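**Student:**
Numbering (my numbering), first residue to last: 11 to 290.
Written out as structure tokens, the structure is:
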């Protein structure tokens, strides 16, 4: 279901991360099929064939795990229109690189306790970051769909905390932790993709032609200068950075932002970017 909805979403919405996510989901399905082939197929495999298949399977899972360590925080900040820039990029790409190295070692040397500890620390850090960012910005989100997806992520994250703690003490839980993480994340994406596609089809039915961003600016009486500022906000720039780009004072930028909020009747940049998202 995740894969099907992701393909539909990618078809209608040209969002850059969707194609990468489709590859991720397809690779997971491939791993499931490969595991079933090894364990439950009537086909007889010799030792070398089984070893090669299992090595490929574990390598794909390691790559998927490294991908999630960056994608989950990216998706969390993207969904609430929180700027995704350094130091976030450097930190989470580094986490993915560390996980990739540790994962490769785990293929060669399985059942290494130190590897489990490192993977637990990396996963816990990502979980803490996502919960912190969402809880910090949650009150400023007025869009009910974004609030619903944010709540889904928060609930899934809170569920993962006790499960992860149990994983420290119980080997069975620890061995199933990756599957539980994939399951929780799959549910989160299922909620998001269902809402995103449902909303799109409703809009297609009621509005044959999608309005352009200029139509939005005209509807809310946004001036040229305010439009420039909105576009820079979309790029994740702060008021200070916008002031430097436009060669105006920070106070002037803040005044323009206050006027934009007043015209569009929003309270934060999160709701502002969600309001204009369909026009980008």
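Even glycine gets a Cβ: it sits at the ideal position worked out from N, Cα and C.
Predicted model, so just to flag it, every value in this text is computed and none were measured.
Excluding the five sequence neighbours on either side, which residues of its own chain have a C-beta within less than 8 Å of the C-beta of residue 80, listed in chain order?
**Tutor:** Working through the chain shown from its first residue, we reach residue 80 at position 70. Only 102, 103, 105, 106 meet the Cβ criterion.
**Student:** Check residue 231 in the structure and name its three-state DSSP category.
**Tutor:** By 1-based counting over the chain shown, the position of residue 231 is 221. Residue state, collapsed to three classes: coil.
**Student:** Quick check: residue 147 and residue 92, are their CB atoms within less than 9 Å of each other?
**Tutor:** By one-based count along the chain shown, residue 147 stands at place 137. By one-based count along the chain shown, residue 92 stands at place 82. In contact: residue 147 and residue 92 (Cβ atoms closer than 9 Å).
**Student:** What three-state label does DSSP hand residue 266 in the structure shown?
**Tutor:** Position 256 of the chain shown, counted from the first residue, corresponds to residue 266. Three-state DSSP puts residue 266 in a helix.
**Student:** What does a CB cutoff of less than 7 Å around residue 153 pick up in its chain, not counting 5 residues either side in sequence?
**Tutor:** Position 143 of the chain shown, counting from 1, holds the residue named residue 153. Once the five neighbours on either side are set aside, the close Cβ partners of residue 153 are 281, 284.
**Student:** Residue 245 to residue 29, Cα distance in whole Å?
**Tutor:** For the purposes of this step, residue 245 is identified with residue 235 of the chain shown, where counting begins at 1. For the purposes of this step, residue 29 is identified with residue 19 of the chain shown, where counting begins at 1. Those two C-alpha atoms are separated by around 21 Å.
**Student:** So for residue 5, helix, strand or coil by DSSP?
**Tutor:** Residue 5 lies beyond the residue range present for the chain, which begins at 11 and ends at 290; the question has no answer from this structure.
**Student:** Between residue 175 and chain C, is there a C-beta pair that is closer than 9 Å?
**Tutor:** The chain labelled as chain C is not found in the depicted structure, where only one protein chain is given.
**Student:** Pick helix, strand or coil for residue 258, following the three-state DSSP scheme.
**Tutor:** By 1-based counting over the chain shown, the position of residue 258 is 248. Here residue 258 sits in coil by DSSP.
**Student:** Shortest alpha-carbon distance to residue 78 belongs to which of 36, 19, 195, 14?
**Tutor:** For the purposes of this step, residue 78 is identified with residue 68 of the chain shown, where counting begins at 1. Among 36, 19, 195, 14, the Cα nearest to that of residue 78 is on 195.
**Student:** Secondary structure at residue 149, three-state DSSP: helix, strand or coil?
**Tutor:** Here residue 149 refers to the residue found at position 139 of the chain shown. Residue 149 falls in the helix class under three-state DSSP.
**Student:** Taking only the alpha-carbon atoms, compute the straight-line gap between residue 249 and residue 200 and give it to the nearest angstrom.
**Tutor:** Locating residue 249 in the chain shown gives position 239, counting from the first residue. Locating residue 200 in the chain shown gives position 190, counting from the first residue. Whole-angstrom Cα-Cα distance: 35 Å.
**Student:** Sort 225, 229, 258 by Cα distance to residue 239 and report the nearest one.
**Tutor:** Locating residue 239 in the chain shown gives position 229, where the first residue counts as 1. Taking only the C-alpha atoms, the option nearest residue 239 is 258.
**Student:** When you compare the CB positions of residue 47 and residue 63, do they come within less than 9 Å of one another, or not?
**Tutor:** Position 37 of the chain shown, counted from the first residue, corresponds to residue 47. Position 53 of the chain shown, counted from the first residue, corresponds to residue 63. Yes.
**Student:** Nearest CA to the CA of residue 188: which residue from 126, 14, 151, 179?
**Tutor:** To locate residue 188, count along the chain shown from 1; it is residue 178. Closest by alpha carbon: 126.
**Student:** Rounded to whole angstroms, how far is the Cβ of residue 113 from the Cβ of residue 75, which I believe are closer than 8 Å?
**Tutor:** Counting from 1 along the chain shown, the entry for residue 113 is found at position 103. Counting from 1 along the chain shown, the entry for residue 75 is found at position 65. Sure, about 6 Å apart at Cβ, within 8 Å.
**Student:** Residue 84 and residue 206 look like a contact to me (Cβ under 8 Å); what is the Cβ gap, rounded to whole Å?
**Tutor:** Within the chain shown, the letter at position 74 stands for residue 84. Within the chain shown, the letter at position 196 stands for residue 206. The pair is not a contact, with the Cβ atoms about 16 Å apart (cut-off 8 Å).
**Student:** I'd like to know whether the C-beta atoms of residue 256 and residue 279 end up nearer to each other than 9 Å.
**Tutor:** Reading the chain shown from its first residue, position 246 is the one you call residue 256. Reading the chain shown from its first residue, position 269 is the one you call residue 279. For residue 256 and residue 279, no; Cβs fall outside 9 Å.
**Student:** Where does residue 275 fall in DSSP's three states?
**Tutor:** Against the chain shown, residue 275 aligns to sequence position 265. Reduced to three states, the DSSP call for residue 275 is coil.
**Student:** Mapping DSSP to helix, strand and coil, what is residue 40?
**Tutor:** Position 30 of the chain shown holds residue 40. Three-state result, residue 40: helix.
**Student:** Less than 8 Å between the CB atoms is what I'm expecting for residue 136 and residue 171, so what's the real figure, rounded?
**Tutor:** The residue you call residue 136 lines up with position 126 of the chain shown. The residue you call residue 171 lines up with position 161 of the chain shown. Residue 136 to residue 171, Cβ: 12 Å. No contact.
**Student:** Kindly indicate which residue of 32, 61, 33 has the alpha-carbon position closest to the one of residue 45.
**Tutor:** If you number the chain shown from 1, residue 45 lands on position 35. Considering only alpha carbons, the answer is 61.
**Student:** Apply the 10 Å Cβ neighbour rule to residue 225 and answer buried if 16 or more other Cβ atoms are within range, or exposed otherwise.
**Tutor:** Within the chain shown, numbered from 1, the residue matching residue 225 stands at position 215. Exposed, since its Cβ has fewer than 16 Cβ neighbours within 10 Å.
**Student:** Taking residue 94 as the reference, give the member of 275, 265, 243 with the closest Cα.
**Tutor:** Locating residue 94 in the chain shown gives position 84, counting from the first residue. Of the listed residues, the one whose Cα sits closest to residue 94 is 243.
**Student:** May I have the straight-line CA-CA distance separating residue 109 from residue 191, to the nearest angstrom?
**Tutor:** Taking the chain shown and counting its residues from 1, the one referred to as residue 109 is at position 99. Taking the chain shown and counting its residues from 1, the one referred to as residue 191 is at position 181. Those two C-alpha atoms are separated by around 15 Å.
**Student:** Does residue 82 come out as helix, strand or coil in the three-state DSSP assignment?
**Tutor:** Looking up residue 82 in the chain shown gives position 72. Looking at residue 82 - three-state DSSP - the assignment turns out to be helix.
**Student:** In whole angstroms, give me the CA-to-CA distance for residue 179 and residue 247.
**Tutor:** As a first step, residue 179 is located in the chain shown; it is residue number 169 there, counting from the start. As a first step, residue 247 is located in the chain shown; it is residue number 237 there, counting from the start. One C-alpha to the other measures close to 44 Å.
**Student:** Alpha carbon to alpha carbon, what distance is there between residue 263 and residue 270?
**Tutor:** Position 260 of the chain shown, counted from the first residue, corresponds to residue 270. Position 253 of the chain shown, counted from the first residue, corresponds to residue 263. C-alpha separation (whole angstroms): 11 Å.
**Student:** Count the other CB atoms within 10 Å of the CB of residue 229; is the residue buried (16 or more) or exposed (fewer)?
**Tutor:** The residue labelled residue 229 in the question sits at position 219 within the chain shown. Residue 229 should be labelled exposed.
**Student:** Whose C-beta lies closer than 7 Å to the C-beta of residue 143 among residues of the same chain, with five residues either side of it excluded?
**Tutor:** Your numbering for residue 143 matches position 133 in the chain shown. Cβ within range, chain order: 86, 87, 92.
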